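In the order they appear, the protein sequences are chains A and B. With my numbering, the residue at position 312 of the first sequence is 312, and numbering never jumps. With my numbering, the residue at position 47 of the second sequence is 418, and numbering never jumps. Quick reminder that beta carbons are idealized off the backbone N, C-alpha and C, glycines included. Quick caveat, the model's predicted, so the values are computed rather than measured. Before any comments, here is the structure.
2 protein chains.
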Amino acid sequence: MSAPPFFDITARDAAARAGRIHTRNGVIETPAFAPVATFGAVRGVAPEELGAVGAQILLANTYHLHERPGEALIEAQGGLHGFTGWRGPWLTDSGGFQVTSMADRLVIDEDGVTFTSPLDGVRRQLTPERAIAVQEALGADIAMALDECRPADASGEAGDSASLRVRAAMERTLRWAERCRAARRCDTSALFGIVQGGVSEPLRRDSARATAELGFDGYAHGGLGLGEDPERRCGLLAAANAELPDALPRYLMGIGPPAEILDAVAAGVDLFDCVIPTRHGRHGVLFTSRGLLKLRNARFRDDGGPPDPDCDCATCARHSRAYLHHLLRVNEALGARLASVHNLRFTLGLLEEARRAIAAGRFDAFRRGVR
Amino acid sequence: MSAPPFFDITARDAAARAGRIHTRNGVIETPAFAPVATFGAVRGVAPEELGAVGAQILLANTYHLHERPGEALIEAQGGLHGFTGWRGPWLTDSGGFQVTSMADRLVIDEDGVTFTSPLDGVRRQLTPERAIAVQEALGADIAMALDECRPADASGEAGDSASLRVRAAMERTLRWAERCRAARRCDTSALFGIVQGGVSEPLRRDSARATAELGFDGYAHGGLGLGEDPERRCGLLAAANAELPDALPRYLMGIGPPAEILDAVAAGVDLFDCVIPTRHGRHGVLFTSRGLLKLRNARFRDDGGPPDPDCDCATCARHSRAYLHHLLRVNEALGARLASVHNLRFTLGLLEEARRAIAAGRFDAFRRGVR
C-alpha cells in the first residue's frame, strides 16, 4: 500500500471541493477551519475542548512563539505537539505578517525583514531561510513561505505608484518563496506558497501562476481581509484559483465571518484560520443559527434560554444567555471561555455542514440559507 | 425510613471528625473544602471541571451577587443551582465581611451596616433580615448569619479600648444572629451562626457558648485568618469548639493553606472555604506534594515534567511545567485556568486523604507528613 497523497478530493459541487489533507499527525477533512493558538494555546480553551468542538488543526503564530518561549525550547519539548498537548496537526504562519503589523522600525529589503522587537528592543532579522528554520523547529505540519504583504494603502489600480509597490511586493514574495523551498531541511512539514498582488485581479493571477510554477504542497491567498469588499475578494480568489493546481489545497488566511468563509468555499478554498471566534467570544459576541448575538446587551439579562438553541456545544447544553450575560458583565474569565467554545463550535460545525452539503451536491442552497 | 440528620459523624480521631452534611442538593463528606465562586463562577473553571476535581459544595459571595446581577434575577433563573449550572450544594456568606472590606462610607449600628455601593454610588443597608432574605432568594443550601467582624486593628487583649470594641462586636453579632434566626422564611436552607471575639480565647469561648444557646444548624468561626499566628488560631478554634454542640458541623471561614486546613481539622473543624487555590493559580503559584511551586520562576522554563508528579488532575496528566510557565509568562488565560484546576484538585484531594486518615485512625501521622 502506498502512502496517501497529501491531499485528495472526495467530492465537488461547482467550484467547491470536499477533501482530505493527510499529515503525519492526522487527517484534516476539508473545507476546514483552524482555530488560532497564537502562543500555543487558543485563548482560555484547553486541547480536549478543542477536540470536543471538532477542531482538526490549529494555527500557531511563528513570530510570537519565536519571541516567547523561542523555537529551540519548543523543539526540545517535542515541538508544538509535545509542548502544548495538542497532538493533532499544526499550521504555522511565516511570521511575516505579524512582524509587519507589530514590530517597530521595519526595514524590508531583498534579504528579509529587519525590525526592532517590541519585547526586548533588540534588532532582529526575519529572512525566508529563518522563517522556514523556525517553523521546522516548531514542528509544523503545514508551514508557510515568507511573503511580503501589500502596503495597506495600496489600491492596486494599474499604473499608480501604489500599484507598482504591490507588484514589487508580489514579485519579491515569489523570490522569497523560491528561497523558502530551497531552505527546507525536513520533509515532515508541508510547505505552502502564498499568492499576493493586493486587490488587483491580474496581479493575483500572475502571482498564482508563478507561485504554482515553483511548486508547493498547497497555496495560500495572502493579503486579503484587509478592508476589501467581500464580493471583490471572491473574484480575486476565483481568478487566482484558476491558475493554481486543482489537485492541491488552497488556504485563505485570516478570514472568519461565517458568510465570508462559505463564499470562499464556493470559490474553491479548502482551509481557513481566524481569531474571530475567540475574539468575538471575549467581547460577548456570539455566532448563532439566527445571526450575531451581542450577549452583553441588556435584553439578555434575564433570558434563560440557551445561547443558540440549534447548537450542540457544551456551553449551549449547560448554560443560559442570562448566565453568560452576567459573567461577561462582571468580567469573569469563564464568560469569555464559554462564549469562545460556542463560537468555535459554531464555526467548525458550519464547515462540517459545508462538507456534507458539497458531498450531497447542495452546497449553493446551504450557503444561501446561512445568510 | 426517616430523613437523615443534617450532619452525621462517621469517624473520629482525637478531636478530628469525619462525617456527612446532608442537603437537599447533595451530601458533603467532611472535612470538606468549598471552592469560591464569587460571582457564581469559580474564576475560569467550569462546573464539570469542579466535579472532576472532587468539589462537593461551592461558596458564592452574597454581596457581589446582590449587586450584580441581583438576587431577584438569580431566584427567577432557578436560584444559584439553575443559574450557574452547579447543581450540587451552595454555601453563601452573609455579605457582611465583603461589605465591610469593599464598600465606602461604612456606618455600622444596631440596625445593620449602611454603606455606599462602589458600583453605583447608591446608599444601601444590609440588615440581618436582609442578609437572610438575599441568601434565601439565591437558594443557598447553607446560609450564614450576619456578623460584625472585629476591627482589623484590635488585639483583643483584655482591658484596652480595642478589646472593648471586639467585645461589643461579638455581642452585637449575637443579637444579629438571633434576628437572623427569626427572619428565616424557608426551611430548605441550613443556617449557621458565627463565633466572633477577635483573638481573645475567653471572648471566643463566650461567643461560642451564647451562639450555641441560640441554636443553629452549624457554627462558623469568623474573623480569623486576618493576620493572627496560626498556632494561636488553633487554640482559639479548640476553645470555641469545646463550647459548640459536638453533633453539628463547624466551619472555618476563609482559610486555605494546606497545613492550616489540616491543623484546623485536628482542632475539630469540618468545613472550609478559601480563594487561595484560584488566586494562587492566577499568579502561577502551585500547591504540590513537594511544597509550593512558583511556576513563573525562570528555572521552570524548560522543565518538561508534570506540575506535580503525584497529582491525578487533568493539568498534571496533560501539561508540563514548561508549558504552564510559558502560558503564565505571556498572560494566556489558559495558564491561570490550568493552574487553578491543579490547586483545586490538590486542596480537595488533601481533604479526601484527611477523611481517609481520620477513618483509619492515623490523622495525626498524615497531618505531620504534609508539613
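Closer than 8 Å at the beta carbon, the chain B residues around residue i
i, result
"Q77(A)", "D673, G675, S691, A693, Y694"
"R337(A)", "G415, A417, A704, R708"
Under 9 Å by beta carbon: chain A residues contacting residue i
i, result
"R809(B)", "Lying before the first or after the last residue shown, residue 809(B) is absent from chain B, which here runs from 372 to 742."
"L444(B)", "R301, D302, A322, H326"
"T394(B)", "Per Cβ cutoff of 9 Å: no residues; T394(B) is ~21 Å from chain A at best."
Within 8 Å, strictly: CB atoms of residue i and residue j
i, j, result
"G223(A)", "E201(A)", "no"
"L615(B)", "A579(B)", "yes"
"A638(B)", "A386(B)", "yes"
"H85(A)", "A333(A)", "This sequence places Gly at residue 85(A); His is not what is there. Cβ atoms of G85(A) and A333(A): not closer than 8 Å."
"R87(A)", "E136(A)", "no"
"L327(A)", "V53(A)", "no"
"M541(B)", "L517(B)", "no"
"V484(B)", "G467(B)", "yes"
"F216(A)", "G193(A)", "yes"
"R653(B)", "S691(B)", "no"
"A474(B)", "F486(B)", "yes"
"D273(A)", "F33(A)", "yes"
"T347(A)", "P258(A)", "yes"
"P460(B)", "I380(B)", "no"
"P249(A)", "T100(A)", "no"
"A382(B)", "A730(B)", "yes"
"P47(A)", "H22(A)", "no"
"G732(B)", "D491(B)", "no"
"R700(B)", "R667(B)", "yes"
"A322(A)", "Q448(B)", "yes"
Nearest candidate by alpha-carbon position, reference residue i, set the options
i, options, result
"R439(B)", "H66(A), L324(A), A52(A)", "L324(A)"
"L126(A)", "D312(A), F216(A), E110(A)", "E110(A)"
"R650(B)", "D379(B), P406(B), H393(B)", "P406(B)"
"A365(A)", "L262(A), L293(A), G349(A), D270(A)", "L262(A)"
"H342(A)", "S101(A), P307(A), A247(A), G78(A)", "P307(A)"
"N25(A)", "L65(A), L80(A), G70(A)", "L80(A)"
"Y590(B)", "T471(B), A548(B), I626(B), T559(B)", "A548(B)"
"G676(B)", "K665(B), N668(B), A688(B)", "A688(B)"
"P680(B)", "L657(B), N702(B), A669(B)", "L657(B)"
"M624(B)", "L666(B), S488(B), Q469(B), L709(B)", "Q469(B)"
"G284(A)", "D246(A), S117(A), R301(A)", "R301(A)"
"G256(A)", "P249(A), P277(A), D270(A)", "P277(A)"
"V265(A)", "P230(A), S289(A), G291(A), A60(A)", "P230(A)"
"Q56(A)", "F363(A), I358(A), E352(A), G369(A)", "E352(A)"
"L421(B)", "S465(B), R708(B), R667(B)", "R708(B)"
"G411(B)", "T433(B), T401(B), L490(B)", "T433(B)"
"N702(B)", "P4(A), H64(A), A3(A)", "H64(A)"
"F454(B)", "Y622(B), A431(B), R476(B)", "A431(B)"
"D558(B)", "R661(B), A408(B), I513(B), R538(B)", "I513(B)"
"L214(A)", "T173(A), N297(A), D120(A)", "T173(A)"
"V42(A)", "V275(A), L226(A), R232(A)", "V275(A)"
"R661(B)", "R670(B), V741(B), L721(B)", "V741(B)"
"G706(B)", "E446(B), R552(B), R603(B), K665(B)", "K665(B)"
Whole-number beta carbon distance between residue j and residue i, since they are thought to touch under 8 Å
i, j, result
"A238(A)", "V195(A)", "That belief does not hold up - the Cβ atoms of A238(A) and V195(A) are roughly 12 Å apart, past 8 Å."
"G179(A)", "E129(A)", "Note on identity: in this sequence residue 179(A) is Arg, with Gly being the wrong assignment. Confirmed, Cβ separation roughly 6 Å."
"M144(A)", "T211(A)", "M144(A) to T211(A), Cβ: 12 Å. No contact."
"A183(A)", "A247(A)", "A183(A) to A247(A), Cβ: 25 Å. No contact."
"E228(A)", "V269(A)", "Their Cβ separation, rounded to whole angstroms, is 15 Å, which puts E228(A) and V269(A) out of contact at 8 Å."
"Y251(A)", "L226(A)", "With a Cβ gap of about 16 Å, Y251(A) and L226(A) do not count as contacting."
Closer than 8 Å at the beta carbon, the chain A residues around residue i
i, result
"F410(B)", "H326, L327, V330, E332"
Within chain B, the residues that residue i reaches when beta carbons sit closer than 7 Å
i, result
"F287(A)", "Neighbours of F287(A) on chain B: none; closest Cβ ~20 Å, over 7 Å."
Partners in chain A for residue i, counting only beta-carbon separations shorter than 7 Å
i, result
"T455(B)", "Y323"
Any C-beta of chain D under 8 Å from that of residue i
i, result
"G218(A)", "Included in the structure are the protein chains A and B, with no chain D among them."
Chain A contacts from the region 553-566 of chain B (Cβ-Cβ distance under 9 Å): Within the region 553-566 of chain B, contact with chain A at the beta-carbon level (separation under 9 Å) is assigned to no residue.
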